[in-house]
Amino acid sequence: MNAPQLSLSRDSRSIRKKPWLVRWKGEYNPITDKQKRYSKSFAKRKDAEAFMALKSQEFDEGLPRDQVNLTLERFWEKFERSQKGTMRAGSFFSYEETYGRLKTFFGAQTCIRHIRLEHAEEFLAQLHYISPTYKHVKKSLSDSTRNRVLRGCKRLFNKALEWQYIRVNPFDKVKQVKPRTQPWHRMSPEEFESLLNVTETIQKKAFYAIIYGCGLREGEAINLLWDGINIDFDKNKITLINRPGNIDLPPFHLKDHESRSIPMPGYVVNYLLQVQEQAEQDCPFVFLDKARWDRVKAKWRRFQQEGIERKWDSKQLHGRLLAQFKRHCRMAGIKTTEKLTVHSLRKSWACNLADNAVPIHTLMKLGGWSSIETCQQYYLQSTDENEKKAIEGLEKMMRM
6 MNAPQLSLSR DSRSIRKKPW LVRWKGEYNP ITDKQKRYSK SFAKRKDAEA FMALKSQEFD
66 EGLPRDQVNL TLERFWEKFE RSQKGTMRAG SFFSYEETYG RLKTFFGAQT CIRHIRLEHA
126 EEFLAQLHYI SPTYKHVKKS LSDSTRNRVL RGCKRLFNKA LEWQYIRVNP FDKVKQVKPR
186 TQPWHRMSPE EFESLLNVTE TIQKKAFYAI IYGCGLREGE AINLLWDGIN IDFDKNKITL
246 INRPGNIDLP PFHLKDHESR SIPMPGYVVN YLLQVQEQAE QDCPFVFLDK ARWDRVKAKW
306 RRFQQEGIER KWDSKQLHGR LLAQFKRHCR MAGIKTTEKL TVHSLRKSWA CNLADNAVPI
366 HTLMKLGGWS SIETCQQYYL QSTDENEKKA IEGLEKMMRM
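Going by this note's numbering, the first residue of the sequence shown is number 6, and it counts up by one from there.
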């Protein structure tokens with residue numbers, strides 16, 4: 006009763022254009038005490054035999070004998086439910102964006118079994134900006150973004166493979182490309198001082214200082230609390246830990262979930278002490294004012310009411326950080342054709358430590374990196390700067 010019972014037969018009637026029939030039975034249903042019957046017709050016997058061999062292999066590998074025409078939309082619904090609460094907001098957003106791209110290209114009602122390698126390659130070849138901010142930018146999507154979408158597709162379809170909805174992951178053989186490096190601007194201490202001089206508020210000065218002086222990520226800095234844990238003035242240390250959400254306070258999850266402590270330079274301590282003196286009551290965040298905190302609270306309540314707490318991430322706290330930073334850089338007279346963002350302050354911090362011969366494993370620990378390859382770029386940039394200084398020194402000698 007449980008055997009697939011694959012059979013091949015020929016319909017001798019002349020009206021049949023595809024006389025060769027492959028028949029098989031589905032899984033036994035104990036409720037109905039029946040098995041569904043399936044068949045597929047072919048014009049040529051060799052095609053029928055090839056299909057029969059493929060079906061036999063699928064059955065041997067444990068794939069379901071009943072045909073399941075799962076659509077892309079239905080698969081996403083299953084994936085979303087199964088992964089609820091198991092991944093961070095950033096990861097979920099990435100999957101959600103990937104599904105959105107797949108749905109736009111293939112259509113929500115496309116059966117996932119019908120997506121082949123050639124379709125996967127066509128999909129990746131046409132990737133473009135989807136954010137309204139960048140839709141009309143005259144440049145191609147970055148290699149890193151393409152690789153990120155590819156990784157998301159592979160993971161999504163691997164889950165379909167695990168659930169036995171497909172036999173082969175269509176994205177499995179597609180290779181990632183080596184990202185083209187984009188030069189970023191290393192901010193010198195002199196430029197950073199100019200940046201601080203034009204920054205209007207002590208709170209924003211301290212925000213820039215804590216990234217440039219302690220190497221925090223933007224999300225790590227914006228989530229600091231006046232709780233006696235994150236900032237220790239007695240030991241001049243910042244301690245970053247994961248924070249579960251509650252009714253009043255949204256959650257914060259560190260990248261790679263690894264807690265760490267970072268020593269604070271004296272100027273960072275001084276800025277934070279000034280911020281603490283001016284801190285408004287009933288605002289637990291170091292770098293949020295009362296008005297901004299009220300908006301964040303309202304948004305967090307809405308997330309809870311709608312049951313989408315897992316979608317919360319640090320971007321809900323940010324505001325217009327990048328726009329403000331670029332304005333301050335222009336005011337400070339910092340001109341560059343290289344990439345310059347708030348994250349450049351963290352990268353500059355890493356290069357400054359590399360310049361001061363801090364061991365690479367120490368830099369990894371302080372910066373919260375899990376990959377030594379990530380840290381090596383800062384030592385390479387440090388080497389480039391030292392080589393530049395060496396050439397400048399030789400030129401001065403020749404002018405003497």
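Note that the Cβ used here is the ideal one computed from N, Cα and C, for glycine as well.
The Cβ neighbour count for F238, taken over all protein chains shown within 10 Å, is under 16; the residue is labelled exposed. I377 and K180 have their C-alpha atoms spaced approximately 23 Å apart. Under the rule that a run must span 4 or more residues, the alpha helix (DSSP H) segments found entirely inside the segment 263 to 319 read 271 to 283, 295 to 310. Taking 9 Å as the cut-off, the beta carbon of Y170 is found no closer than this to the beta carbon of L350. For Q321, the closest alpha carbon among the candidates R306, S14, I207 is that of R306.
Counting only runs of at least 4 residues, the segment 178 to 210 fully encloses the following alpha helix (DSSP H) elements, listed from N- to C-terminal order: 194 to 203. The continuous beta strand (DSSP E) containing F47 extends over residues 39 to 47.
Annotation for T244: the continuous beta strand (DSSP E) segment containing it runs 242 to 245. In its chain, beyond the 5 residues on either side, S99, Y100, T103 have a beta carbon closer than 7 Å to the beta carbon of G157. Excluding residues up to 5 positions away in sequence, I207 lie with their Cβ nearer than 7 Å to the Cβ of Q283 in the same chain. Contact annotation: L77 and I117 have beta-carbon atoms nearer than 9 Å. Our two residues, V280 and D148, have alpha carbons roughly 40 Å apart in a direct line. The segment 242 to 259 and the segment 313 to 328 touch, with no fewer than 3 CB-CB distances between them shorter than 8 Å.
The alpha-carbon separation between K340 and S375 amounts to approximately 33 Å.
The alpha-carbon separation between R93 and W29 amounts to approximately 43 Å. The three-state reading of DSSP puts I365 in helix, counting H, G and I together.
Taking each of K159, Q187, V291, T115 in turn and checking the Cα distance to E126, the smallest one comes out for K159.
The C-alpha of D360 is placed about 15 Å away from the C-alpha of L371. In this structure, the CA atom of H190 is about 15 Å from the CA atom of E198.
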